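Residue numbers (the working numbering): 6 to 485.
C-beta: ideal position from N, C-alpha, C; glycine also.
As the structure is a prediction and not an experimental result, all values here were calculated from the model.
For reference, the structure discussed in these notes is given below.
If you want it as structure tokens, here you go:
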């Protein structure tokens with residue numbers, strides 16, 4: 006009996022233990038992983054400039070952004086641009102995929118400032134560091150998203166929306182007043198302002214994004230012909246692409262790059278075929294018709310690699326295209342100007358323009374002239390004239406001196422050097438015999454007496470200088 010009761014107690018204990026373990030494990034089984042909410046895409050007016058200091062105070066140069074909604078916002082493709090007082094624009098920073106603004110403010114500091122260089126890690130003092138210095142008394146900062154300025158801050162400019170310039174003798178920070186109703190009151194200079202930043206709770210989260218592997222698409226496409234010098238409108242311009250492969254190439258995903266701007270390509274190029282890009286309103290692209298400096302066109306593949314590039318400079322002409330006409334021995338391309346543009350077809354080199362009816366090309370000048378001016382059979386020039394090789398016209402020979410010259414007038418004679426008449430110089434003593442005089446002895450005589458005079462003058466000068474000493478010596482002799 007006792008053993009039976011003991012067995013029942015053991016079974017009950019095991020049952021209770023199993024029930025307890027099942028209850029303990031059940032919450033773990035029921036637990037589901039928390040859902041990860043992707044940051045929302047940015048909209049205009051949701052991220053603004055909060056403050057800016059050009060580094061005149063002891064806080065160093067910084068730019069502070071603020072977020073209005075509570076949502077976490079993706080800052081991908083948001084750029085910070087700086088425009089100088091002369092209008093030159095610089096890219097300060099670009100936020101990339103995986104940059105999410107999580108805090109109410111985001112602090113950016115200049116990388117060369119003491120606050121950053123003295124820190125072991127820049128995240129101790131800022132969310133982002135940038136290298137482009139904006140410490141100017143005049144300028145403008147633009148926040149740009151999807152090619153649109155979503156916020157701006159100007160100082161020291163003559164623009165209507167510009168605020169007073171910074172003063173190096175009185176350092177301040179331009180700080181936004183979020184409650185200001187008027188634009189002119191939205192920013193003000195504050196002497197004592199410190200940007201908010203907590204390294205434990207940064208305003209920016211940087212997530213690692215798995216890069217998508219993109220296969221190249223338009224390898225094999227190359228520039229073939231270009232016409233930029235239009236006569237009436239830019240619609241006359243064209244860019245010709247050629248597919249030198251044996252397969253059709255889809256251009257979707259590829260881009261045309263010109264003056265640091267990208268223009269998406271579309272369509273296809275058949276094997277061994279051509280396609281034409283005509284700039285205009287549809288593209289928002291106009292090529293410089295005759296640039297003073299080098300302009301570069303590039304084909305960018307879907308994976309971001311440069312497929313082909315073309316550089317054109319000054320010297321473009323009306324109705325003349327720049328065409329690829331061959332390759333040199335080293336494989337380099339040969340580009341020449343042709344007066345026969347062929348958009349969408351094989352290139353044809355034509356050295357000179359096509360002349361209208363009744364005119365032919367002058368090979369020396371490249372201009373169209375009347376046919377009669379270049380006829381090969383010309384009538385002989387009349388006697389006393391010759392044909393000028395430059396003008397092809399008859400011209401009189403230059404007059405030369407006659408073999409028989411007119412006699413000179415009385416009292417004149419002809420100069421054999423110039424063949425001109427000159428006055429005869431008269432000689433009153435022409436009737437007397439010319440006697441040759443020798444001056445060697447006279448010169449010797451004069452020279453001897455000149456030496457005697459110089460020596461005598463020297464002796465006299467010595468006697469004069471030492472007259473007292475000589476007198477004393479003579480006196481002593483007389484006494485003796």
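- Within a 10 Å sphere around the beta-carbon of residue 160 sit 16 or more other beta-carbons, which makes this residue buried.
- Under the criterion of beta carbons closer than 8 angstroms, residue 239 and residue 284 qualify as touching, at roughly 6 angstroms.
- Here the region 123-139 does not lie against the region 148-167, with fewer than 3 beta-carbon pairs under 8 angstroms apart.
- Under the 10 Å beta carbon count, residue 242 is surrounded by 16 or more other beta carbons and is classified as buried.
- The criterion of a C-beta distance shorter than 8 angstroms is satisfied by residue 227 and residue 313.
- Each residue's CA atom was taken as its position, placing residue 340 and residue 244 some 14 angstroms apart.
- Fully contained in the region 114-156 are the following beta strand (DSSP E) runs of length 3 or more, in chain order: 133-135, 144-150.
- Closest in C-alpha terms to residue 345, from the list 323, 335, 307, comes 323.
- With fewer than 16 other beta carbons inside 10 angstroms of its own, residue 401 counts as exposed.
- Collapsing the DSSP output to three states places residue 195 in a strand.
- Spanning the alpha carbons of residue 110 and residue 258 requires a straight line of approximately 36 angstroms.
- Between residue 81 and residue 101, the gap from beta carbon to beta carbon is short of 8 angstroms.
- In the same chain as residue 56, and ignoring 5 residues on each side of it, the C-beta atoms closer than 8 angstroms to its own belong to 67, 68, 69, 178, 179, 180, 181, 198, 200, in chain order.
- Residue 375 has 364 as its beta-bridge partners, per DSSP.
- The three-state secondary structure of residue 470, taken from DSSP, is helix.
- Pairing residue 114 with residue 107 gives a Cβ-Cβ distance that is not under 8 angstroms.
- In the DSSP secondary-structure assignment, residue 58 is bridged to 67.
- Of the residues assessed, residue 456 falls on the exposed side of the cut-off, its CB having fewer than 16 other CB atoms within 10 angstroms.
- The beta strand (DSSP E) runs of length 3 or more contained entirely in the region 281-311 are, from start to end of the chain, 300-305.
- Exposure of residue 353 is indicated by the presence of fewer than 16 other C-beta atoms within 10 angstroms of its C-beta.
- The Cβ neighbour count for residue 72, taken over all protein chains shown within 10 Å, is at least 16; the residue is labelled buried.
- The Cβ atoms of residue 297 and residue 319 lie closer than 8 angstroms to each other.
- By the C-beta density criterion, residue 188 is exposed, having fewer than 16 other C-beta atoms within 10 angstroms.
- Residue pairing by DSSP places residue 248 opposite 226 in a beta bridge.
- Exclusion of the five residues before and after residue 300 leaves 293, 317 as the residues of its chain whose Cβ lies within less than 6 angstroms of its Cβ.
- Sequence-distant partners of residue 140 (beyond 5 residues in either direction) whose C-beta falls short of 7 angstroms from its own C-beta, in its chain, are 59, 60, 66.
- Contact between the region 324-333 and the region 301-309 is absent: fewer than 3 CB-CB pairs across the two stretches fall below 8 angstroms.
- When the beta-carbon positions are compared, residue 255 and residue 273 come within less than 8 angstroms of each other.
- For the options 271, 247, 174, 169, the alpha carbon positioned closest to that of residue 277 is the one of 247.
- Taking residue 126 as reference, the option from 263, 204, 364, 211 with the minimal CA-CA separation is 204.
- Judged by DSSP in its simplified three-state form, residue 52 adopts strand.
- The beta-bridge partner set that DSSP reports for residue 399 consists of 392.
- Secondary structure note for residue 88: its beta strand (DSSP E) is the uninterrupted segment 84-88.
- Under the DSSP assignment, residue 427 falls in the beta strand (DSSP E) whose first and last residues are 426-428.
- With a 10 Å radius around the Cβ and a threshold of 16 neighbouring Cβ atoms, residue 119 comes out exposed.
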